[in-house]
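The next block holds one structure in the form of structure tokens; read it before the comments.
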Amino acid sequence: MTLRIATWNINGIKARLELLLRWLEEEKPDIVGLQEIKTVDEGFPRSEIEALGYNVETHGQKSWNGVALLSKIQFDEVHRGLPGNDEDMQSRLIEGVFSVEGGVVRVCNIYLPNGNPVDTEKFPYKLGWMERLNAFVADRLTLEEPFILMGDFNLIPAPIDAHDPEAWWGDALYRPESLEKFRILRNMGMTDALRAITAEEAYTFWDFQAGAWRRNAGIRIDHLMLSPQAADRLDDVVIHKDVRGWDKPSDHVPVEGAFSF
């Protein structure tokens with residue numbers, strides 16, 4: 221079977237519900253991770269999405285952050301929150317485990333902190349969150365199963381991933397400290413799905429300001445990172461760039477991986 225798994229920073233589920241429903245109806249992905257749902261669990265429009273055949277699990281937060289998993293496959297397990305700091309109340313991680321024909325697949329959906337401005341507490345929080353994430357991933361890799369870590373990483377991996385990399389250098393998304401944490405993640409054996417398929421320039425985010433979409437002044441910050449067992453099953457990656465041109469879009473677009481199970 222082919223399993224289509226996508227990530228999308230929806231930038232407010234209530235503001236983008238019609239956009240999401242249209243995309244789900246047209247594309248029919250199997251599993252979708254949403255970030256920045258910006259609502260508590262009780263406020264999530266579950267029924268409209270369930271009507272399209274999806275099971276819904278959320279880890280919401282009032283006004284900010286929040287993540288969700290939508291799946292046509294029943295959830296075997298659901299985990300919420302990033303371990304390692306009991307005082308961290310921000311809703312930024314949800315993980316689901318699913319039984320498929322080829323065994324199991326573990327899908328972890330994250331909204332990694334932005335970290336700006338870098339001269340505030342937000343940047344140390346980002347780096348600390350990335351350290352905890354790397355520890356979490358190291359633990360998951362010991363399971364030796366298909367593991368997909370996806371979401372809005374708020375990180376530009378390389379110059380090719382920005383229309384104007386010099387303009388971004390020094391931003392929390394693209395500076396040595398952030399990139400070092402990301403290198404640690406990759407060096408554990410996690411594969412950047414898009415870069416396993418193509419070396420070409422590609423973006424997933426275009427700011428609402430300064431005509432970024434019109435000028436194609438984008439960056440690539442939404443990623444699917446794969447354990448060796450998941451990378452072996454990867455067939456293709458598609459960035460649904462056209463969605464950025466739809467009415468009332470998010471500033472991010474869906475990124476979808478196709479896997480053989």
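Residues 221 to 481 (our numbering) make up the sequence shown, in order. Think of the CB as a built atom: it goes at the ideal place given N, C-alpha and C, for glycine as much as any other residue.
Contact check for residue 228 and residue 443: beta-carbon distance about 12 Å, past the 8 Å limit, so the pair fails to qualify.
From the listed residues 371, 305, 431, 372, the smallest Cα separation to residue 352 is found for 305. Excluding residues up to 5 positions away in sequence, 237, 241 lie with their Cβ nearer than 8 Å to the Cβ of residue 268 in the same chain.
Collapsing the DSSP output to three states places residue 436 in coil. As computed with DSSP, residue 480 is found in a beta bridge with 222. Sequence-distant Cβ neighbours of residue 376 in its own chain, meaning closer than 7 Å and more than five residues away, are 382, 388, 393, 394, 439, 440, 441. The three-state reading of DSSP puts residue 462 in helix, counting H, G and I together.
Within the region 378-448, the runs of alpha helix (DSSP H) at least 4 residues long that lie entirely inside it are, in chain order, 385-388, 396-407, 413-417.
When the five nearest sequence neighbours on each side are left out, the beta carbons in the same chain lying within less than 6 Å of the beta carbon of residue 335 are those of 342, 343, 346, 392, in order along the chain. Positions of the alpha helix (DSSP H) runs, each at least 4 residues long and wholly inside the region 289-365, are given as 342-361 in order along the chain. Considering only 456, 252, 337, 426, the residue with the shortest C-alpha distance to residue 293 is 252. Selection 350, 436, 428, 365 evaluated against residue 399 yields 350 as nearest (Cα-Cα). When the beta-carbon positions are compared, residue 445 and residue 411 come within less than 9 Å of each other. Residue 231 counts as buried, since at least 16 other C-beta atoms from the protein chains shown sit within 10 angstroms of its C-beta. With a cutoff of 9 Å on beta-carbon distance, residue 384 and residue 437 are scored as near each other. Annotated three-state conformation of residue 277 is strand, per DSSP.
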